[in-house]
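First comes the structure, then the notes that go with it.
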Amino acid sequence: MEIALNRGAVFTLLFLLPELVIGQIRYSIPEEQERGAFVGNIAEDLGLNVRQLFARRFRLGSEHEKRYLEVNLENGILFVNERIDREQLCGQSPTCFISLEAAVENPLGMYRIEVEIRDINDNSPSFPKSVFFLQVFELTAPGARFPLKSAHDPDIGTNAVNTYQISSNDYFGLKMQSRSDGVKIAELLLEKPLDREKESTFQLVLTAIDGGIPHRSGTAQTIITVLDANDNAPVFGQDIYRTNVVENAPEDTLVMQIHAVDSDEGQNAEVRYSFSNHASQRVSELFKLDPETGEITVKGLLDFEESDIYELDIQAVDNGQHSLVGHAKVLVGITDVNDNFPEIKLTSVSRMIPEDAALGTVVAVISIEDRDSGEDGHVYCQVPMNIPFKIQTYSKNQYKLVTSDALDRETSPSFNISISAWDSGTPPLSTNKTISVSVSDMNDNAPLFTQSSYNVYVMENNAPGASISAVTAVDPDLDQNGEVSYSVLEDNRIQSESPYVTINSQSGTIYALRSFDYEQLKRFRINVHAKDGGFPPMSSSAIVNVIILDQNDNAPLVVSSVTWNASAAVKIAPQSTYPGDLIARVMAADADSGQNARLSYQLIDATDRSLFSLERLTGEIRTLRKITEQDDPTQHLIIMVMDNGQPRLSSTATVLFSILPNVTETLSERSGRPGKPQHFSELNFYLIITLASTSLIFLIAIIFLVAVKCHQDRGILQSQSYMTWCFGRRFARDVVNRRPAPKGPPHLPGVSQATSQREAYNFRVSLSPEASTTEFLFLQPCNPTLPFNDIRVNDSKLSKSFTDSIRTSGGY
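With mature numbering (1 follows the signal peptide of the UniProt record, and there is no 0) as the guide, the letters of the sequence shown map in order to residues -23 to -1, 1 to 789.
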């Protein structure tokens, strides 16, 4: 490793202050050094004590992102920390430096360090492309020079490209030049004349060599193409060509094809053919020479009787700048053959034949001539077998074309009749002629419906005048014979057809004249008549079955139960019903059909939803539980009946249930009824005692609370009657089902009045010793005629317990 360090010259102390030292030092190393390579002892070169590097907090900074160099603080050596590529770091710059900043403290010192990166020969020359193409004209004079692409070497100085070499050849050499910036360039030098016909391509290898030690090189292939010069004339394969052609050969018949070769290439080898100036005018009239392909074809009519041989002078000219010409001669012999075709002449041709033409009707008169003589002049004539026409002979070479079968314009509206004629020559010659014959239309087809009967589906409540369907009848005849008009036939057997629909006579569209109602008319039938415009006219008919489809346009109608006040049905329900008993059944009907008439029932409101249930599909009203005396004697049920149409229609009905009380038994009758000791148990006895005690305590608590409240409102009470009213309202609100007190005269707590008259009731709690063990009267009124269901208790648990105990004891 080489270190360029001159302490006296390189290390320069710029200025020194009492607390600041500034200096500069420079090193030089080659590129591509391994990590850890020695650069210099920076501590020694800066005059720093190695032992104090840590204490004085030695720091090394760089302007590069990568830390190419580092300092070992233990020995003060500057070393390579990461591989340095000079070409990547500085490119083609002649000089390359890495600048570092070193700093120490106590006292503060700042030093600038520059490390020069020297180039080494680590890159080979390379060309922009691996293959270069060069074109050289065939007639280029020796000494001509052609610049070549230069190679590039990332190294600089002597390590850059120094010289070029080219592979050995007989025609080209290499000449070197240097530019002002020292870059070497190479030029290709032509040393001897080229001949493309001998050697048209050269593949040379160009090598670039740098000046490094050891040398490095790069190569590129140079392909040289010699461009042609027009130095060769076209040459024919032979000087004289011989061929034969039959007389009267058709136009464009190939006589023969000639070919000339030009050893040049490209445009200089492109040959064009033509008749020379020695060719006669008659030859150019009878024969045609293709200038590109050399094909000789027949242009005019050849006749053996006119000449049995023709001599054609041909020349071939290339397409070079200075054209060169080659010559040849073609001898064409004419062969005598049966060269006259029969000629067909048509007279008295009928281009239009009626469809009902009789058999043997003459269509055309045919005359056939052949200019040949003898047996070659005898001709034959025919038409195809699969058409309703035939040829009849009536004199020599005279024929007539007649009909041989019935004509049907709808099957074959026209005919292209091919008439063939041939002679008896060897080989025979034939002629074809085609005549077109059209068949005129006759009204021989009646209109035909696409169906014999139609089914038309129409939704009810349709708009009058709207189209509901269309029928189509097809008449294969033409023009007026095929024009179809439609009408509706009146059927005396069905009196209701005509006012329902009408039909468009031109299009066959059927329109409804009225709005249909499925509930009144479900289907009807019409007879549609189709008639053409021929003479006489022909017609046919078809049946149209109109089927009315139901629409959900009728709401369900409740048809069961006797209504009261035109909106409700009154039912009587005995109080003795049990859960699940059928009380009533709501029956409804829907004038629609299908899904539109499929009904369902729904209970939308009720006085007490816990008392009744409604079957969704049958409309049956059943009890959910037993009717008690606490239930309202009048129950309202609002029921909605819905159909299953789209959209769904519904109606509602109100059912009023009047609950009749059971026949009330007098206390004496109850007490006189023999008991059933088997129903009594110790559990029943304890239950009765518990219920009685609980009810008594609850009643006392309520009375106490009401008395306290009334005492607090004593300042605003005006009379003892108001006090009584207050007592009664509190008791009615808190005890009787949490309902507001009804308007009217005051009543005692816990008792519902059956009449509007003011009555006084005395209640007592008693367990009658004469009654059976299953009877327990709680808050039994003194008046034995008071209905038991007039007693209401606010507490739901107490009311339920009380009710269960009474039911268990047989009080109901």
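By construction, the Cβ of each residue, glycine as well, lies at the ideal position given by its N, Cα and C atoms.
Length of the line joining the Cα atoms of residue i and residue j
i           : j      : result
Gly442      : Val435 : 13 Å
Ala163      : Val108 : 16 Å
Ile783      : Ser635 : Model confidence at Ile783 stands at a pLDDT of 36, short of 50, so the residue's coordinates are unreliable; what they give is reported in the following sentence. The straight-line gap from Cα to Cα measures roughly 24 Å.
Thr611      : Ile581 : 17 Å
Asn315      : Pro404 : 7 Å
Thr751      : Arg562 : Note that Thr751 has pLDDT 29, beneath the 50 cutoff, so the model's placement of it is unreliable and the number below is only indicative. Thr751 and Arg562: Cα-Cα distance of roughly 37 Å.
Tyr376      : Gln359 : 10 Å
residue 824 : Ile2   : With the chain covering only -23 through 789, there is no way to say anything about residue 824.
Ala566      : Pro624 : 17 Å
Lys169      : Leu181 : 16 Å
Gln572      : Glu496 : 15 Å
Pro105      : Ala185 : 12 Å
Asn481      : Ala383 : 37 Å
Cys73       : Asp147 : 46 Å
Met619      : Leu626 : 6 Å
Gly692      : Tyr555 : Residue placement at Gly692 is poorly supported in this model, since its pLDDT is 48, which falls under 50; the coordinates still yield a value, given next. So the alpha carbons of these two residues sit roughly 52 Å apart.
Asp267      : Pro124 : 45 Å
Thr427      : Val448 : 8 Å
Pro513      : Ser389 : 23 Å
Arg36       : Val48  : 9 Å
Residue interval of the alpha helix (DSSP H) (run including residue i)
i      : result
Gln65  : 63 to 67
Arg259 : 258 to 263
Ile19  : 19 to 23
Asn52  : No alpha helix (DSSP H) holds Asn52; DSSP gives it neither H nor E.
Gly459 : 456 to 459
Identity of the residue in the options nearest residue i by Cα
i           : options                        : result
Gly557      : Met87, Phe589, Asn221, Asp527  : Phe589
Glu82       : Arg33, Thr140, Gln198          : Arg33
Asn374      : Leu682, Glu91, Leu323          : Leu323
Ile487      : Thr600, Arg502, Gln180         : Arg502
Lys161      : Val212, Pro102, Lys169         : Pro102
Thr479      : Asp267, Ser430, Asn504         : Asn504
Gly150      : Arg173, Ala121, Lys126, Asp400 : Ala121
Glu288      : Ser670, Phe264, Glu93          : Phe264
Gly622      : Thr584, Ser570, Lys603         : Ser570
Pro424      : Ile412, Asp132, Asp452         : Asp452
Gln607      : Glu592, Asn26, Thr584, Leu614  : Thr584
Pro71       : Ser155, Phe123, Val683, Gly159 : Gly159
Gly596      : Ile604, Ser587, Ala630         : Ala630
Ile536      : Leu576, Asn522, Asp530         : Reading off the sequence, residue 536 comes out as Val, not Ile. Out of Leu576, Asn522, Asp530, Leu576 has the C-alpha closest to the C-alpha of Val536.
Lys603      : Phe281, Met329, Leu559, Lys410 : Leu559
Ala450      : Asn317, Arg328, Ser517, Asn409 : Ser517
residue 804 : Met564, Glu460, Leu165         : No answer is possible for residue 804: it lies beyond the span of the chain, which begins at -23 and ends at 789.
Residue i vs residue j beta-carbon contact at 8 Å
i      : j      : result
Val302 : Glu228 : no
Arg491 : Tyr477 : yes
Leu66  : Leu46  : no
Thr380 : Val326 : no
Ser415 : Ser391 : yes
Arg190 : Asn98  : For the sequence presented, residue 190 should be read as Ile rather than Arg. Going by C-beta atoms, Ile190 is nearer than 8 Å to Asn98.
Leu50  : Gly17  : no
Ile343 : Val307 : no
Asn221 : His299 : no
Leu633 : Pro551 : no
Ile394 : Leu378 : yes
Ile368 : Asn432 : no
Ile291 : Ile217 : no
Ala79  : Ile143 : no
Leu183 : Thr196 : yes
Asn438 : Gly511 : no
Glu8   : Asp130 : no
Ser430 : Asn522 : yes
Gly188 : Ala137 : yes
The beta strand (DSSP E) enclosing residue i, as first and last residue numbers
i      : result
Gln483 : Unbroken run through Gln483: none, as it is neither H nor E.
Leu151 : 149 to 155
Gln579 : 577 to 583
Asp99  : Neither: Asp99 is in no beta strand (DSSP E) and is coded neither H nor E.
Asp295 : 286 to 295
Pro84  : No beta strand (DSSP E) contains Pro84, which DSSP labels as neither H nor E.
Short CB-CB distance (under 8 Å) between residue i and chain C
i     : result
Pro84 : Any reference to chain C falls outside this structure, which holds one protein chain only.
- Mind pulling the beta strand (DSSP E) runs of 3 or more residues that sit fully within the stretch 201 to 238? If we require 3 residues or more, the beta strand (DSSP E) runs fully inside the stretch 201 to 238 come out as 217 to 223, 231 to 234.
- Message: For a minimum of 3 consecutive residues, which ranges assigned as the beta strand (DSSP E) are wholly contained in the stretch 312 to 342?
- Response: 320 to 324, 329 to 331
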